[in-house]
Each structure stands twice: as structure tokens, then as C-alpha cells.
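Read through the structure below, which is laid out as C-alpha cells, and then see the notes.
Residue numbers (my numbering): 167 to 743.
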């Protein structure tokens with residue numbers, strides 16, 4: 167028996183690839199397996215090759231696997247594009263409709279199953295995804311009743327007749343391939359899972375759930391890949407908590423609406439990707455100047471311009487840190503796990519109100535859309551902090567306004583909601599005095615700039631850097647951000663087998679940069695390797711700027727739109743040792 171297995175299904179977009187993966191993985195999740203998925207899809211509504219790769223394991227995994235055990239193909243293109251991932255002795259389950267061929271040089275066993283024909287016999291070719299799922303499930307020798315429960319969950323709302331037809335499609339797919347294979351394949355028989363319930367969600371869903379738990383009651387956004395699922399999730403869930411989602415006409419309207427709602431006292435957010443963030447930059451400066459709380463999620467994708475809308479990249483870092491004209495205090499947080507996506511959203515809303523600044527939560531496509539297992543979330547950790555929000559104010563003196571931008575020792579002024587008696591003040595995007603009145607006096611300007619920029623001194627989120635440092639003086643210190651952590655850890659296991667020691671740091675607070683926390687680790691390492699998905703080493707350059715150590719820092723960069731594989735990181739690190 168084996169402890170892990172990699173499965174992939176591919177075909178044309180709109181052909182049922184996504185639904186097949188969803189039901190297959192739901193059934194595996196019911197059994198208690200740890201799952202890690204990745205979607206490869208085209209930047210179009212329908213058509214073009216798409217595939218979903220799923221890693222199934224008895225232990226937690228946070229990376230896609232290097233190779234592939236089973237490939238399910240709805241067309242020959244899927245085989246041609248993906249078969250070389252198959253390990254020696256792997257299996258291809260293909261629709262007999264297109265007369266599948268195994269490419270030359272690929273050592274794989276082919277099962278041609280009349281997937282479409284069986285579905286059509288049952289009334290519609292749409293059920294071919296269930297036939298393919300049944301065939302895959304049967305090869306693994308897993309209990310069919312568990313899979314049927316997942317089918318009932320998926321199609322129950324359509325009535326018992328539809329459920330029964332889909333269950334029959336599963337049964338026929340399973341029966342056909344078992345007859346061909348002579349029973350389940352022993353080399354693919356998985357060890358039993360622990361049977362414990364786990365969440366199985368994408369990062370965007372965890373972000374939406376975290377925002378709701380944080381007290382967010384308005385999301386204003388414009389659809390964009392790979393951020394749209396945040397809005398779609400909150401459209402379903404937020405009204406149950408008295409909130410609402412507004413789909414605006416563009417990203418400029420989305421961010422300014424969120425600023426207005428936050429000014430009025432409602433916790434509000436928006437979410438987008440690189441092109442949308444570019445449109446928001448002026449408004450982010452407005453939030454900084456008016457010291458209005460603001461939370462934005464940036465789900466990074468391939469750029470520039472339209473770039474690679476459905477592919478992996480981490481190239482927005484410089485834009486998020488430096489994008490606004492002028493200088494404002496700004497916080498940039500980079501979750502690295504599904505759990506981080508949830509807890510970091512709560513922290514983002516707290517920081518935004520406590521420090522009265524824009525907070526950007528920076529994810530990447532792999533983390534945003536990759537579906538994976540995580541342990542149940544701890545809702546007792548949810549804490550709401552609203553900072554210097556004041557009420558019950560004394561009456562204002564004649565011709566005086568509330569000092570909304572009062573100079574204080576920590577740089578953070580008292581904040582009041584509109585309509586609060588005694589809280590009347592002026593708000594403007596131009597430089598202003600303590601009462602908010604426009605003021606271009608040189609002395610005032612310098613004091614206001616110093617006040618705003620001093621607010622974030624010493625700010626550190628929970629685990630600003632996440633450290634796994636078993637070695638006092640490692641051969642390698644490997645640094646990453648976002649979704650690269652699991653891949654790095656698997657590469658380190660292989661390095662350790664070669665006698666190469668390594669420590670691992672995930673940088674989770676991008677701005678203000680946690681230089682003092684990182685510095686001793688940089689100093690003690692012989693070689694520092696920074697793993698990131700961009701072409702210009704943006705994270706490595708932040709380390710060099712704030713910490714130093716340029717002479718020992720090396721970069722491993724990938725910007726072809728695909729995630730790092732553990733083998734790629736292992737090979738690159740071994741060569742740089």
C-alpha cells in the first residue's frame with residue numbers, strides 16, 4: 167500500500183473537468199485524506215485545454231507532486247500535454263471515443279473506457295464526468311458507497327432521479343475498468359486515512375470567511391481572475407450576517423466605495439488582482455492621506471497588463487510596497503497557508519482600524535485557487551480591535567472642529583464616526599491641519615508627514631517571519647513567501663538526505679519589512695536562497711535593501727506561469743550549495 171498518490175484529469179474547458187475533480191476530491195475528503203489541488207485553466211470562458219491535479223496523502227502536503235500516477239483524459243490533447251508527468255508504470259484512463267494513443271517514450275498502461283458512450287446510454291453525455299470518476303475510484307479500490315454519498319450531495323437538489331442516474335454512471339464506469347484491469351490496482355491502493363474531518367477549501371474561500379469573522383459587512387468589488395471567488399463566496403454568505411456585496415462598475419468605484427464605508431464605520435473591503443490594483447492606486451493614497459482604514463486583497467497572477475490571467479506569479483510586490491504616488495504608511499501581509507488566509511484577514515481589519523492605514527493582503531494564484539485540506543479553524547482566536555474610535559465627546563467650542571488629525575505621541579489620532587455629536591471635522595485629500603482644514607504651511611506639512619509615517623514603527627503581525635531553523639549555522643537558508651512554503655519543505659527533505667543542512671523562513675509581513683527579526687538568520691547562514699515567482703527577484707531585493715547580505719543571497723526565479731515543483735527547488739538549491 168502507498169501513503170500518497172497523484173491524480174490528474176484534463177480536457178477542454180467546459181467539458182466537466184472541474185465537476186469531476188470536485189466530486190472525486192469531496193469523496194476522498196470524507197475518508198479523511200489530506201488533499202492538495204492545483205487548477206491549470208485557460209483565460210477564456212469555454213474551450214482550451216484545462217486540467218486539475220490532485221495530490222492525495224495520509225499526511226499533510228502543501229505542494230503539487232513532481233510526477234503523476236493516474237491521468238484521466240477526455241481528449242488526446244490531454245494525453246499529449248500531460249503524459250510525460252506519469253511515473254514509470256503510471257495509468258491513463260481515456261475516453262475510447264477519440265481512439266487514445268500513448269505518446270512514444272511514455273511507459274504507461276492505457277485503459278480506453280467508453281466514457282461518453284456509457285453516459286449517452288444513460289441519457290446525456292454530460293454524465294461522462296461521473297463515468298470517469300467511477301473508473302478512477304474503482305482503480306484505487308476505495309469503497310463505492312462513500313463516493314455515492316458525494317454524488318448525492320452534488321446532485322441532491324436536482325431530485326432523486328438525477329441522483330440515481332449519476333450513481334449508475336459511476337457504477338458502470340467502475341465496472342468497466344475493473345473488468346479491463348482485473349480488479350483494483352494493488353500498486354495504487356492507498357493506506358487508510360485517519361477518518362477525521364478536515365476543511366477542504368481554496369484560499370479565496372478562507373479569505374472570505376476570515377473577512378466575515380472579522381466583522382466585515384460590505385464588500386465592493388469588480389470581477390477579476392483570480393479574485394472573483396472571494397466575491398462569489400461572500401455574495402452567498404455575507405447577507406446571512408447582515409452584510410452585502412456590491413459589484414461595482416470598475417475597480418476605482420470598488421475601492422472608493424470601501425473607503426467611504428470604512429469612514430462611516432462599517433468594516434468594508436475590496437479584492438482584485440494586479441490590473442485592478444493599478445487602477446486603485448490613487449484611491450489607496452487617499453486612504454493614506456485621510457487616515458481611513460482600508461483592507462484590500464491582491465490575488466497575484468501573471469503580468470504585466472492582461473498578462474497571464476489564469477497563471478501563477480508573485481510579481482506585484484514592488485507595486486504594493488511602492489505603488490502610490492507620494493508617501494503614506496501602508497501594511498502588506500502575505501499569507502502562506504489556508505489557515506493564514508483566514509486569520510490574516512482578521513488581523514488586517516484590526517490593523518487597518520488601529521493604525522488607520524490601508525492594509526493589503528497579498529496572495530498568489532496557487533494559494534487563492536488551489537484547493538487543499540486544512541485543520542478546523544479556531545474561532546476562539548477571533549478578536550475585534552477598533553483602535554482609537556471615540557464617542558461621547560464634549561461639545562465643540564464656537565468655530566472649532568474636532569481634531570481628527572491631532573498630533574499624538576504614537577502618530578495615531580482619535581477617530582470619530584460621522585454624526586457623532588462633538589465630532590464635526592473636515593476631510594480632504596489635500597494636506598491639512600489637525601481639524602482637517604486644507605493647510606499648505608511648510609511646518610504643518612512636515613509635522614503631518616512625520617505623524618503619518620511614524621504610525622507603523624515597530625508594527626509586527628503574528629509571525630511576521632515564520633521560522634523553521636533546526637540548525638544553528640545551516641549550509642542553506644531558504645526564504646520564500648506565499649504558496650512556496652510546502653514546496654520548499656519537501657525540497658529540504660531531499661537536501662537533508664544528501665547531507666545538506668537547511669533552515670526555512672517564510673516572510674509574511676512584506677511592509678513594514680521585518681528587518682530586525684530576519685537579520686540574525688541572514689548573518690548566520692552560509693548561503694541564502696530566495697525562492698519566488700517573478701523575473702526580477704523582488705523579495706530578494708527587499709532583503710538586500712533592508713537587511714543586507716547581498717554577497718550571500720542567491721535567487722531561484724520562476725515566471726513561466728506554473729508553480730515550483732519540489733524537484734526544481736531541490737535541484738536549484740543543491741547546485742547553489
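The beta-carbon is built from N, C-alpha and C at its ideal position, and this holds for glycine as well.
Nearest CA to the CA of residue i: which residue from the options?
| i | options | result |
| --- | --- | --- |
| residue 354 | 263, 258 and 294 | 258 |
| residue 236 | 191, 175 and 228 | 175 |
| residue 112 | 233, 263 and 456 | No answer is possible for residue 112: it lies beyond the span of the chain, which begins at 167 and ends at 743. |
| residue 253 | 231, 264 and 244 | 231 |
| residue 263 | 504, 282 and 574 | 282 |
| residue 691 | 512, 481 and 671 | 671 |
| residue 212 | 184, 228, 220 and 637 | 184 |
| residue 270 | 284, 280, 246 and 290 | 246 |
| residue 383 | 400, 395, 396 and 367 | 400 |
| residue 307 | 167, 711 and 677 | 167 |
| residue 585 | 609, 604 and 556 | 556 |
| residue 733 | 495, 509 and 653 | 653 |
| residue 416 | 389, 574 and 402 | 389 |
| residue 686 | 715, 696 and 368 | 715 |
| residue 492 | 452, 188 and 226 | 452 |
| residue 529 | 448, 506, 547 and 347 | 506 |
| residue 662 | 646, 544 and 636 | 636 |
| residue 516 | 459, 409, 427 and 673 | 459 |
Quick one: residues in its chain with C-beta nearer than 7 Å to the C-beta of residue i, no 5 flanking neighbours on either side, listed in chain order?
| i | result |
| --- | --- |
| residue 590 | 562, 567 and 568 |
| residue 572 | 579, 580 and 600 |
| residue 683 | 630 and 631 |
Going by the beta-carbon positions, is the gap between residue i and residue j smaller than 9 Å?
| i | j | result |
| --- | --- | --- |
| residue 125 | residue 334 | Outside the displayed span of the chain (167 to 743) sits residue 125, for which this structure offers no information. |
| residue 182 | residue 295 | yes |
| residue 434 | residue 424 | yes |
| residue 386 | residue 420 | yes |
| residue 518 | residue 442 | no |
| residue 709 | residue 627 | no |
| residue 205 | residue 216 | yes |
| residue 193 | residue 321 | no |
| residue 699 | residue 648 | yes |
| residue 437 | residue 464 | yes |
| residue 368 | residue 486 | no |
| residue 480 | residue 202 | no |
| residue 222 | residue 276 | no |
| residue 418 | residue 534 | no |
Can you find the residues in the same chain that come closer than 8 Å, C-beta to C-beta, to residue i, ignoring five residues on each side of it along the sequence?
| i | result |
| --- | --- |
| residue 360 | 198 and 224 |
| residue 693 | 641, 642, 643, 718, 720, 742 and 743 |
| residue 542 | 363, 364 and 365 |
| residue 311 | none |
Apart from the five residues on each side of it in sequence, which residues of its chain come closer than 6 Å, Cβ to Cβ, to residue i?
| i | result |
| --- | --- |
| residue 398 | none |
| residue 214 | 179 and 208 |
| residue 339 | 297, 300 and 301 |
| residue 680 | 630 and 631 |
| residue 344 | 304 |
| residue 260 | 239, 266 and 278 |
| residue 450 | 490 and 524 |
| residue 736 | 657 and 660 |
| residue 169 | 224 and 357 |
| residue 576 | none |
| residue 316 | 189, 192 and 193 |
| residue 531 | 392, 467 and 478 |
Using a 10 Å radius around the Cβ and a threshold of 16 neighbouring Cβ atoms, would you call residue i buried or exposed?
| i | result |
| --- | --- |
| residue 702 | exposed |
| residue 488 | exposed |
| residue 476 | buried |
| residue 472 | exposed |
| residue 326 | exposed |
| residue 655 | buried |
| residue 594 | exposed |
| residue 744 | The requested residue 744 does not occur in the structure, where the chain is confined to residues 167 to 743. |
| residue 621 | buried |
| residue 618 | buried |
| residue 704 | buried |
| residue 611 | exposed |
Using a Cβ-based criterion (distance less than 8 Å to any ligand heavy atom), does residue i qualify as near the ligand FMN?
| i | result |
| --- | --- |
| residue 535 | In the structure shown, the ligand FMN is absent, as is every other ligand, since no ligand is present at all. |
Q: Note down, one range per segment and in chain order, each beta strand (DSSP E) of at least 3 residues found wholly within the region 428-462.
A: 434-438
Q: For the region 548-627, list the alpha helix (DSSP H) runs that are entirely contained and at least 4 residues long, ordered along the chain.
A: Taking 4 residues as the minimum length, the alpha helix (DSSP H) runs contained wholly in the region 548-627 are 608-619, in order along the chain.
Q: At 3 residues or longer, and completely inside the region 630-658: list those beta strand (DSSP E) runs for me, N to C.
A: As for any beta strand (DSSP E) of minimum length 3 sitting wholly inside the region 630-658, the runs are 631-634 and 642-646, ordered along the chain.
Q.
If we require 4 or more residues per run, which alpha helix (DSSP H) segments fall completely within the region 303-360?
A. The qualifying runs are 310-321 and 326-347.
Q | Length at least 4, wholly inside the region 687-712: the alpha helix (DSSP H) runs in chain order | A | Listed in chain order, they are 704-712.
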